[in-house]
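Since the structure comes first, as structure tokens, the remarks are kept for the end.
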């Protein structure tokens with residue numbers, strides 16, 4: 001039987017929570033944003049043709065020796081410091097032995113009982129029906145390792161190895177630096193377990209993005225979460241048997257997978273069945289998990305010290321130097337900017353999630369109004385960047401240029417439509433703002449005479465509209481304003497056009 005398609009009975013979530021206490025454990029794998037791999041000089045560029053960023057080291061060829069990436073170690077230490085971890089005075093790598101096509105040397109270089117970071121914590125705020133609650137998530141460790149290759153199973157209906165005609169392996173990802181951040185058992189969350197899991201991964205993602213150590217794009221796999229969950233009858237009882245849902249790749253899926261596993265495991269326990277210790281796969285389309293393989297114990301991997309790499313002994317001076325490079329905590333910064341800027345929580349989350357918070361903050365520090373800066377970076381600039389398939393920052397628009405456009409809008413020299421044309425000219429390198437306005441002839445028409453002529457022409461083209469406006473149907477003015485804007489190629493001030501129209505018709509709008 002193909003177990004990848006097997007689904008199981010579930011119970012209602014509230015019923016499950018009333019009977020059982022959920023215990024979480026989260027393992028987050030973060031791809032570091034280094035230019036080269038952890039133990040060789042191959043590129044880490046995403047999206048290259050399969051097996052083009054490989055060498056004897058990441059292919060595991062006999063005689064190839066690894067060389068440690070210093071930036072990867074620095075990133076690991078900075079992550080540990082940001083997560084309130086202790087930094088080891090001495091640590092080393094270990095070989096995690098297993099046989100699977102995604103790692104051709106038949107072991108993964110990782111860390112076992114001597115991680116570089118340990119005993120940390122992260123406080124997360126959860127918005128619940130009972131108000132905001134603070135949960136402290138204690139961290140067991142954060143350790144360095146290398147990523148594996150990527151298997152693609154061809155044929156079959158599930159995209160998994162079951163039923164596939166054959167499999168392909170891309171080793172471009174093999175050897176990319178990873179940090180695995182492992183929590184201690186997360187207890188006491190009760191019915192909020194799904195929300196706590198989601199909030200933790202979200203807060204962790206914000207910290208990692210703020211540190212600049214990873215792009216944390218879950219959809220591209222640079223941040224992946226394994227969700228461990230077990231149930232027990234009594235919060236004081238020993239932990240139950242856990243399942244591990246692998247590679248959950250969105251915040252929404254983290255929440256949904258926890259909720260589903262609670263209902264699935266509760267149904268098994270209610271039926272007198274045991275929960276099997278296994279890995280499981282999350283299916284976003286159906287909202288269920290299905291069995292993967294039986295979950296190995298640590299001893300099954302036969303860890304032993306990596307003989308080809310020297311131990312690492314970070315000096316306290318080096319650690320303190322790295323501590324001095326840490327940016328402001330994202331949660332603290334968010335609260336500070338919310339108060340200073342007066343924007344909504346939703347708008348702030350949008351700035352964070354789209355990665356433009358630093359750009360907006362820089363623009364505000366340069367003198368722009370927060371709301372104007374927010375609208376530019378999440379509106380027109382985001383649209384242009386999306387059309388050109390680049391990041392907003394890569395557009396190269398400076399705070400000075402945006403500030404000048406805002407000044408021209410405030411003075412009435414530009415309207416929003418013309419401003420959008422100016423910003424495109426700036427991006428395309430046509431010159432500074434004033435030169436583009438002059439060169440393209442984009443200034444707002446400030447003389448009432450041509451506007452009045454355009455209004456008369458619009459009324460002549462549609463004689464009935466004047467009667468409608470005069471009879472009190474003020475909304476009919478929109479067609480005249482639109483006609484004038486078209487006639488002036490968008491260079492009229494719509495507000496002034498409306499004023500002139502009403503004056504011409506002798507109408508006083510209410």
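Residue numbers (UniProt numbering): 1 to 510. Where a beta carbon is used, it is the ideal one built from N, C-alpha and C, also for glycine.
{"Item": "Beta-carbon gap between residue 226 and residue 27 smaller than 8 Å", "Value": "yes"}
{"Item": "Burial state of residue 3, where buried means 16 or more other Cβ atoms lie within 10 Å", "Value": "Note that residue 3 scores 49 on pLDDT, short of 50, meaning its location in the model is unreliable; the coordinates nonetheless yield the value given after this. Exposed, because fewer than 16 other Cβ atoms sit within 10 Å of the Cβ of residue 3."}
{"Item": "Cβ-heavy atom distance, residue 318 to the ligand MN, below 7 Å", "Value": "Within the structure as shown, the ligand MN is missing, as the structure has no ligands at all."}
{"Item": "Span separating the alpha-carbon of residue 219 from that of residue 460", "Value": "56 Å"}
{"Item": "C-beta atoms of residue 331 and residue 203 nearer than 8 Å", "Value": "yes"}
{"Item": "For residue 228, three-class secondary structure by DSSP", "Value": "strand"}
{"Item": "Sub-8 Å separation of residue 81 and residue 323 beta-carbons", "Value": "yes"}
{"Item": "Cβ neighbours of residue 104 in the same chain (closer than 6 Å, five flanking residues each side left out)", "Value": "59, 60"}
{"Item": "Beta-carbon proximity check, residue 68 vs residue 308, cutoff 8 Å", "Value": "no"}
{"Item": "Cα-Cα separation between residue 359 and residue 87, rounded to whole angstroms", "Value": "32 Å"}
{"Item": "Bounding residues of the alpha helix (DSSP H) (the contiguous stretch that carries residue 333)", "Value": "330-341"}
{"Item": "Euclidean distance between Cα positions of residue 1 and residue 36", "Value": "Because residue 1 carries a pLDDT of 42, less than 50, the predicted location of this residue cannot be relied on, and no value is offered for it."}
{"Item": "Member of 503, 501, 22 whose CA lies at the smallest distance from the CA of residue 243", "Value": "22"}
{"Item": "Close Cβ partners of residue 8 (< 6 Å) along its chain, the five nearest in sequence each way excluded", "Value": "264"}
{"Item": "Spatial neighbours of residue 436 in its chain, beta-carbon cut-off 6 Å, leaving aside the 5 residues before and after", "Value": "422, 425, 430"}
{"Item": "For residue 51 and residue 361, the rounded distance between their alpha carbons", "Value": "40 Å"}
{"Item": "Cβ neighbours of residue 480 in the same chain (closer than 7 Å, five flanking residues each side left out)", "Value": "455, 458, 459, 465, 501"}
{"Item": "Cα-Cα separation, residue 306 to residue 109", "Value": "7 Å"}
{"Item": "Three-state secondary structure assigned by DSSP to residue 3", "Value": "With a pLDDT of 49 at residue 3, under the threshold of 50, the modelled position of this residue cannot be trusted; read the value that follows with caution. Helix at residue 3."}
{"Item": "In chain order, each beta strand (DSSP E) run of at least 3 residues that lies wholly inside the segment 262-333", "Value": "278-283, 288-294"}
{"Item": "From 142, 149, 161, 126, residue whose alpha carbon lies closest to that of residue 119", "Value": "142"}
{"Item": "Spatial neighbours of residue 215 in its chain, beta-carbon cut-off 7 Å, leaving aside the 5 residues before and after", "Value": "33, 222"}
{"Item": "Three or more C-beta pairs below 8 Å linking the segment 235-251 and the segment 276-290", "Value": "yes"}
{"Item": "DSSP-derived helix/strand/coil call for residue 234", "Value": "coil"}
{"Item": "Same chain, Cβ closer than 6 Å to residue 97, five either side skipped, listed in chain order", "Value": "107, 301, 302"}
{"Item": "Proximity to residue 30 [Cα-Cα], best of 269, 467, 176", "Value": "176"}
{"Item": "Identity of the residue in 319, 128, 181, 380 nearest residue 89 by Cα", "Value": "319"}
{"Item": "Pair within 8 Å by beta-carbon distance, residue 25 and residue 183", "Value": "yes"}
{"Item": "Residue 21 (DSSP reduced to helix, strand or coil)", "Value": "strand"}
{"Item": "Residue 10 to residue 261 span [Cα, whole Å]", "Value": "9 Å"}
{"Item": "Rounded separation between residue 408 and residue 205 - CA only", "Value": "38 Å"}
{"Item": "Beta-carbon contacts of residue 46 that lie in its chain and below 7 Å, excluding the five residues immediately before and after", "Value": "220"}
{"Item": "Exposed unless 16 or more other CB atoms sit within 10 angstroms - verdict on residue 166", "Value": "exposed"}
{"Item": "Residues that residue 36 bridges to, as DSSP identifies them", "Value": "43"}
{"Item": "Neighbour-count burial assignment, residue 192, 16 or more Cβ in a 10 Å radius", "Value": "buried"}
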